[in-house]
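Enquirer: Would you mind keeping the following structure in view while I ask a few things?
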Amino acid sequence: MRPKDMSIRSPSTSKIESMLRSGGSHASAVVLAQTSHRCDFEVVRAAVKHKSSVLKWASPELRANEDLMRTALAQDVLALRWASPELKDDKDLVLLAVAKNGTALAQASLRLQGDADVVLKAVKNSGKALWWASQTLKEDRLIVLAAVSTYGRAIEVPGIPRQIKADREIILAALRNYGDALESATLELKADKEVVLAAVNSYGGSLRFASDLMREDREVVLAAVRNCGTSLRYASVQDPEIMLIAVAQDGNALRWVRSMEKSLVVEAVKNRGSALLHATFELRASKEIALTAVTNYGPALRYCSLALQGDLDVALTAVGQNMEALSSVSEALLTGGLLIHVENIVAAHRTFTNCFLVAATHGRRNSSEAAHVAKLRKLGDDAGLCFVRQVAEYAGITYGPSVAIARRVKRGPIDRNTIRIQHT
9 MRPKDMSIRS PSTSKIESML RSGGSHASAV VLAQTSHRCD FEVVRAAVKH
59 KSSVLKWASP ELRANEDLMR TALAQDVLAL RWASPELKDD KDLVLLAVAK
109 NGTALAQASL RLQGDADVVL KAVKNSGKAL WWASQTLKED RLIVLAAVST
159 YGRAIEVPGI PRQIKADREI ILAALRNYGD ALESATLELK ADKEVVLAAV
209 NSYGGSLRFA SDLMREDREV VLAAVRNCGT SLRYASVQDP EIMLIAVAQD
259 GNALRWVRSM EKSLVVEAVK NRGSALLHAT FELRASKEIA LTAVTNYGPA
309 LRYCSLALQG DLDVALTAVG QNMEALSSVS EALLTGGLLI HVENIVAAHR
359 TFTNCFLVAA THGRRNSSEA AHVAKLRKLG DDAGLCFVRQ VAEYAGITYG
409 PSVAIARRVK RGPIDRNTIR IQHT
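9 is the number of the first residue of the sequence shown in my numbering; add one for each residue after it.
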């Protein structure tokens, strides 16, 4: 028996055209199929129109072809990486690339990375291009100004001299889109009120880079906390207005207030329920504050006092907001008279999106289950469909003709991952 011919056969012209029209990975397959195809201008150009990265498999002669490279750049400007060294040094071609994507400067020749025209066009498109500019051009004021105007973090590019970072206009341009550019400013500019205000208006947290004098300036601190409440941690001055604005912007700012007042805690937990963690023990025992916190974020129940974790109103509110709060409910409430309370709710046809019946039954099936099912079905779809389904899901009660809910796999805090839903 004759052995099979394992040599690679060249596909027919019609097959090549069909594969190219389909695009995608087939275009790469055509170029890779035979060495001869890598040298075929028409085949490679058709493939490049679908996927520019195919160019890396083309022959060195084709990667030095300007027309083919322009075709690739029209599809992906970063295709310059596959160009020959000669084309990477072609100013017109590189200008075309960096005008569309400034970071294409990274693929240009060293000579063009030091060309002012090319680099200026690149940084005007994307300030990130300054990373690949020559050291001489990193010291050019006009180029650095153009770069930071589009990308404030360009001020952090290694090689920028001190005299550039001391330039007030350049720093202000950077601060308009990157507040932390204040870190790169000189000490004199960090004490300049206009400069610092520009920084904190862009990002309040940049207050940490300001001079001590500016951190004591009430106007600066107010601007910072309005933008970012937690910047209160860097402020050297606090008053009731500043603290109130800070916690209203971000409840976690409560951690850094110097005077813990009830009104501040209420405002903080209204904004972010988990901020209750930073309140004093006495205020965490306030039912008013606890209700506000768990209404915003149910699991904040874990930060309430032990007494409030066993309070029916607080517990119901917390679990109604998020079932995860169930794990923080006191054991006494779970095993106490909660079942009777829930039965009264059902009997009164009250609807709770996140019910508490699961806590009452706690995964147990008992002789009164039929009564529970009957009361739940009285609610009907209009009154509490979501309520009924969640009760069924968590308590292991069969509901409806099409969905049978299996019992939880294990006891303990409710975990949705332990629930199996079976369709019958």
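Think of the CB as a built atom: it goes at the ideal place given N, C-alpha and C, for glycine as much as any other residue.
With burial defined as no fewer than 16 other Cβ atoms inside 10 Å of the residue's Cβ, what is the status of Glu275: buried or exposed?
Expert: buried
Enquirer: Among the residues of its own chain, which have a CB less than 8 Å from the CB of Ala124, if the five just before and after it don't count?
Expert: Leu145, Asp148, Ile151
Enquirer: So, Gly281 versus Ala261, is the Cβ gap smaller than 8 Å?
Expert: Cβ atoms of Gly281 and Ala261: not closer than 8 Å.
Enquirer: Among the candidates Val126, Val156, Glu164, whose CA atom is the shortest distance from the CA of Glu1?
Expert: The chain is shown only over 9 to 432; residue 1 falls outside these bounds and no answer can be derived.
Enquirer: By Cβ distance, which residues of its chain are closer than 7 Å to Arg10, with the 5 residues on each side in sequence left out?
Expert: The predicted model places Arg10 with a pLDDT of 44, which falls under 50 and marks its position as unreliable, so this point remains unresolved.
Enquirer: Going by beta carbon distance, what residues of the same chain come within less than 7 Å of Arg89, once the five residues before and after it are set aside?
Expert: Only residues of its own chain outside the window of five on either side were considered, and among them Gln115 have a CB closer than 7 Å to the CB of Arg89, listed in chain order.
Enquirer: Three-state secondary structure (DSSP) at Met268?
Expert: The answer is coil: DSSP assigns Met268 none of H, G, I, E or B.
Enquirer: Identify whether Ala137 lies in helix, strand or coil by the three-state DSSP scheme.
Expert: helix
Enquirer: Going by C-alpha to C-alpha distance, which of Ser244, Asp225, Val228, His286 sits closest to Val255?
Expert: Measuring from the Cα of Val255, the nearest candidate turns out to be His286.
Enquirer: Exposed or buried, what is Asp247 when buried is set at 16 or more other beta-carbons lying within 10 Å of its beta-carbon?
Expert: exposed
Enquirer: Within this structure, are the beta carbons of Ile179 and Val203 separated by less than 8 Å?
Expert: yes
Enquirer: Excluding the five sequence neighbours on either side, which residues of its own chain have a C-beta within less than 8 Å of the C-beta of Lys129, listed in chain order?
Expert: Same-chain partners within the cutoff: Leu103, Val106, Ala107, Gly110.
Enquirer: I'd like the ranges of any alpha helix (DSSP H) spanning at least 4 consecutive residues and lying wholly in the stretch 129 to 175.
Expert: 143 to 146, 149 to 158, 170 to 173
Enquirer: Output yes or no for whether 8 Å exceeds the beta carbon distance between Glu196 and Phe217.
Expert: no
Enquirer: State the Cα-Cα distance for the pair Cys47 and Ala80, rounded to the nearest angstrom.
Expert: 16 Å
Enquirer: Which residues mark the beginning and the end of the alpha helix (DSSP H) in which Arg71 is found?
Expert: Unbroken alpha helix (DSSP H) run through Arg71: 68 to 71.
Enquirer: Near Leu120, what residues of its chain come up, given a Cβ to Cβ distance below 7 Å and the 5 sequence neighbours on each side ignored?
Expert: Asp97, Lys99, Val102, Val126
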